[in-house]
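Visitor:
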Amino acid sequence: MDMLLDPLLDSIEIVWVPASDAQSSTFNHFFARSARFEWINAVGVHLQVKVKNGIYSDIDSKMHQRVEENVRGVLQRALPSLEVLSSLSKGFLAKSLCDFHTWKTSNPLEEILNGTTAEAPSLCFSSSFPLKHESDSFYNKIIRGGKGESIDNEFSVVERALYETKRSFRTAPKEHKLTVVRFGRGSASPDITEVEYLEAWIARPSDTKESWDAVIPVGEAERNVLVVTAIAQERDLETLECIWLRRDGKRVAPASLPFVEEIQVPETTAAASIKTNISGEGFHRRYTVDVTISGPENCGGEPEGRTILVRVPISSTAYIDLDEIRRVERFNEVKLLSFAKHIEIERPSPVSSQHVVGLEFTMLSNNQAHIEFPIHFRYQAPSESDLYRQASVIAPDIFLLCRGGSSSANKTKLSSDGVMQSYLQDWGLSSQTPSHSGSHWLRLVTTFPLPVAVVLTPVGYLPSDWLVSSVTLLCASMGAALLLLVSIKRGKRGQSSTKAN
Numbered sequence: 100m101d102m103l104l105d106p107l108l109d110s111i112e113i114v115w116v117p118a119s120d121a122q123s124s125t126f127n128h129f130f131a132r133s134a135r136f137e138w139i140n141a142v143g144v145h146l147q148v149k150v151k152n153g154i155y156s157d158i159d160s161k162m163h164q165r166v167e168e169n170v171r172g173v174l175q176r177a178l179p180s181l182e183v184l185s186s187l188s189k190g191f192l193a194k195s196l197c198d199f200h201t202w203k204t205s206n207p208l209e210e211i212l213n214g215t216t217a218e219a220p221s222l223c224f225s226s227s228f229p230l231k232h233e234s235d236s237f238y239n240k241i242i243r244g245g246k247g248e249s250i251d252n253e254f255s256v257v258e259r260a261l262y263e264t265k266r267s268f269r270t271a272p273k274e275h276k277l278t279v280v281r282f283g284r285g286s287a288s289p290d291i292t293e294v295e296y297l298e299a300w301i302a303r304p305s306d307t308k309e310s311w312d313a314v315i316p317v318g319e320a321e322r323n324v325l326v327v328t329a330i331a332q333e334r335d336l337e338t339l340e341c342i343w344l345r346r347d348g349k350r351v352a353p354a355s356l357p358f359v360e361e362i363q364v365p366e367t368t369a370a371a372s373i374k375t376n377i378s379g380e381g382f383h384r385r386y387t388v389d390v391t392i393s394g395p396e397n398c399g400g401e402p403e404g405r406t407i408l409v410r411v412p413i414s415s416t417a418y419i420d421l422d423e424i425r426r427v428e429r430f431n432e433v434k435l436l437s438f439a440k441h442i443e444i445e446r447p448s449p450v451s452s453q454h455v456v457g458l459e460f461t462m463l464s465n466n467q468a469h470i471e472f473p474i475h476f477r478y479q480a481p482s483e484s485d486l487y488r489q490a491s492v493i494a495p496d497i498f499l500l501c502r503g504g505s506s507s508a509n510k511t512k513l514s515s516d517g518v519m520q521s522y523l524q525d526w527g528l529s530s531q532t533p534s535h536s537g538s539h540w541l542r543l544v545t546t547f548p549l550p551v552a553v554v555l556t557p558v559g560y561l562p563s564d565w566l567v568s569s570v571t572l573l574c575a576s577m578g579a580a581l582l583l584l585v586s587i588k589r590g591k592r593g594q595s596s597t598k599a600n
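To convert a position in the sequence shown, counted from 1, into our numbering, add 99.
(1) Please specify which runs of the beta strand (DSSP E), each continuous and at least 3 residues long, are wholly inside the segment 528-592, giving them in chain order.
(2) Hey, quick one: how far does the beta strand (DSSP E) through N152 stretch, first residue to last?
(3) With distances taken Cα to Cα, identify the nearest neighbour of L458 among S452, N465, S437 and S464.
(4) Run the CB neighbour count on N169, radius 10 Å, all protein chains shown included, and call it buried at 16 or more, exposed below.
(5) From H163 to L108, what distance separates their C-alpha atoms?
(6) Would you please state the rounded distance, in angstroms, between the beta carbons of I497 and V390? I believe it to be under 8 angstroms.
(7) Mind checking whether C223 and S205 have CB atoms under 8 angstroms apart?
(8) Helix, strand or coil for R385, going by three-state DSSP, please let me know.
(9) Put H163 into one of helix, strand or coil per three-state DSSP.
(10) Evaluate the contact criterion for the segment 406-414 versus the segment 445-456: three or more CB pairs, one atom per stretch, below 8 angstroms.
(11) For S123, count neighbouring Cβ atoms within 10 angstroms of its own Cβ and tell me buried if that reaches 16, exposed if not.
(12) If contact is defined by three or more beta carbon pairs under 8 angstroms, each pair taking one atom from either stretch, is the segment 546-565 in contact with the segment 478-487?
(13) Using the beta-carbon count (16 or more within 10 Å), is V116 buried or exposed?
(14) With DSSP as the reference, identify every bridge partner of Y418, one or two as the case may be.
(15) Among S448, Q489, F472 and V433, whose alpha-carbon lies nearest the alpha-carbon of M462?
(16) DSSP has A468 in a bridge; who is on the other side?
(17) Taking the CB atoms as reference points, tell me whether A494 and V554 lie closer together than 8 angstroms.
(18) Work out the CA separation of L184 and A118 for me, nearest whole Å.
(19) Does E137 pass the burial test, meaning 16 or more other C-beta atoms within 10 Å, or should it be called exposed?
(20) Determine the burial state of I587: buried for a count of at least 16 other Cβ atoms within 10 Å of its Cβ, exposed for fewer.
(21) What I want to know is whether the C-beta of F199 ends up closer than 7 angstroms to one or more non-hydrogen atoms of the ligand FAD.
(22) The beta strand (DSSP E) with F224 in it runs from where to where?
(23) May I ask which residues mark the beginning and end of the alpha helix (DSSP H) holding T264?
(24) Could you tell me whether the Cβ atoms of S133 and W526 are closer together than 8 angstroms?
(25) Can you give me the Cβ contacts of S227 inside the same chain, cut-off strictly under 6 angstroms, excluding the 5 residues immediately before and after it?
(26) State the Cα-Cα distance for the pair A552 and S288, rounded to the nearest angstrom.
(27) Report the CB separation of E263 from T278 in whole angstroms; it is logged as a contact under 8 angstroms.
(28) Mapping DSSP to helix, strand and coil, what is Q122?
(29) Keeping to the same chain, check which residues put their C-beta closer than 8 angstroms to that of D420; ignore five residues upstream and five downstream.
(30) Excluding the five sequence neighbours on either side, which residues of its own chain have a C-beta within less than 6 angstroms of the C-beta of L486, listed in chain order?
(31) I need the boundaries of the alpha helix (DSSP H) containing E380, first residue and last residue.
(32) Helix, strand or coil for I242 per DSSP?
(33) Straight-line CA distance for P220 to K149?
(34) Whole angstroms is fine: what's the gap from S507's alpha carbon to W300's?
(35) In the DSSP assignment, what residue or residues form a beta bridge with D290?
(36) Between the C-alpha atoms of G590 and L572, what's the straight-line distance to the nearest angstrom?
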């Protein structure tokens with residue numbers, strides 16, 4: 100690509116997480132544990148921009164605007180059909196808490212602000228949007244596009260290349276779980292921007308006798324493909340059954356299939372049941388989260404008193420009043436982690452920015468927590484046809500602090516197959532994952548991604564504009580006349596009193 104990343108940036112990553120009820124032990128126990136992908140537990144389109152280490156002090160408001168302009172330019176040039184481009188107005192990127200697997204204390208915000216070493220968490224920007232299914236969107240055409248569909252020259256070179264990459268799999272009966280597009284610096288030269296595409300989906304034969312090769316035509320693919328199934332856990336080892344492995348257009352898996360690989364997956368997640376709800380009426384409501392953690396047994400320490408961090412993405416249609424949170428913080432009910440000192444609460448939605456707020460809570464019962472905090476909604480632009488507009492709230496990410504112990508086996512047990520090892524590294528499951536001998540954080544993952552909450556907020560109704568204006572003018576005129584009448588009467592009374600004296 101000839102559209103370069105800003106020197107401040109390391110990468111731009113977009114993650115699509117669709118609503119899915121397809122279950123897969125392979126995905127949940129293997130790919131979902133990847134420390135590479137931050138936003139895989141909430142339905143939506145998640146944009147993350149990573150900044151180079153050690154330059155946090157340079158990111159002032161002008162630098163922030165410069166980063167936004169560069170990101171917007173790269174995406175407009177590379178992915179012009181991206182469904183969220185129209186939402187990338189000023190303030191669409193928020194400073195965020197990222198790289199959870201590198202957090203070592205109960206205050207990752209301080210680690211980012213004071214980090215001076217290569218191991219410290221890096222600053223990143225992020226934003227989240229609801230997933231739209233518009234007919235000509237990138238998600239609908241490139242990711243979900245079916246057999247027989249075609250794309251024209253209005254799509255970019257990058258989009259057409261990605262479309263051709265997926266051509267062989269468009270007829271396969273599958274359900275998408277995760278799609279990632281990453282723009283990073285080239286391995287050969289930092290002046291080259293490389294585009295990486297990763298996709299995970301679940302496929303099942305309609306007939307148990309049908310071969311996998313017939314269901315998923317990987318033999319026709321010219322790109323890198325890994326087809327895996329059948330994970331079984333025994334002690335700390337998980338068995339990954341590989342039924343097809345393709346690299347650079349050639350099949351490289353052993354002739355005897357299935358090929359079984361024993362893998363010691365890094366412990367970066369904990370299974371949990373999470374339920375979210377928004378209660379109340381009008382513009383001021385309560386966001387509640389009920390969490391039940393299924394382990395982990397190796398977290399260390401007592402279950403009671405553990406710390407939970409809720410990373411809340413706030414769109415331009417909503418806000419959290421930080422002063423309100425700070426008043427509650429004095430009673431040790433919550434701890435606020437925010438890059439922003441204040442969030443403007445009076446601005447309407449069209450001119451508001453996105454924010455990411457961290458809220459820390461203490462678990463008061465065994466592996467269960469009830470979390471509650473206030474959330475407010477902004478005034479939106481008036482409508483020609485509707486009395487209400489939707490305000491979308493993306494589900495938060497939740498992390499658990501383990502203050503002691505070590506994560507189970509962080510070294511991936513690999514065979515001499517370098518191709519398999521490269522796949523593990525692509526998905527953030529490298530054997531070089533550092534071990535956790537002290538405090539570390541785990542991301543809570545659910546069987547299915549958490550849905551987007553939709554709240555209907557009242558808006559101005561433009562066809563009634565003349566009525567509202569007329570009534571407002573009438574009331575204002577009557578009020579002015581009443582004040583004038585009262586002042587005249589008081590003036591006359593004053594004159595009468597003066598004459599009497």
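C-beta atoms are modelled at their ideal positions from N, C-alpha and C, and glycine is treated no differently.
Guide: To lay it out plainly:
(1) 539-544 and 552-557
(2) That residue, N152, is in no beta strand (DSSP E); it is neither H nor E in DSSP.
(3) S437
(4) buried
(5) 11 angstroms
(6) 6 angstroms
(7) no
(8) strand
(9) helix
(10) yes
(11) buried
(12) yes
(13) buried
(14) H475
(15) V433
(16) V390
(17) no
(18) 21 angstroms
(19) buried
(20) exposed
(21) Because no ligand of any kind appears in the structure shown, any question about the ligand FAD cannot be addressed here.
(22) C223 to F228
(23) V256 to T264
(24) yes
(25) G143, H145, P412 and I493
(26) 43 angstroms
(27) About 16 angstroms; that fails the 8 angstroms criterion.
(28) coil
(29) I442, I444, P473 and H475
(30) Y560
(31) Taken as a continuous stretch (DSSP letters only), E380 belongs to no alpha helix (DSSP H), as it is neither H nor E.
(32) helix
(33) 10 angstroms
(34) Any answer about S507 is weak, because its pLDDT of 47 lies below 50 and its placement is not dependable; what the coordinates show is given next. Each residue's alpha carbon lies about 27 angstroms from the other.
(35) None; D290 has no bridge partner.
(36) 27 angstroms
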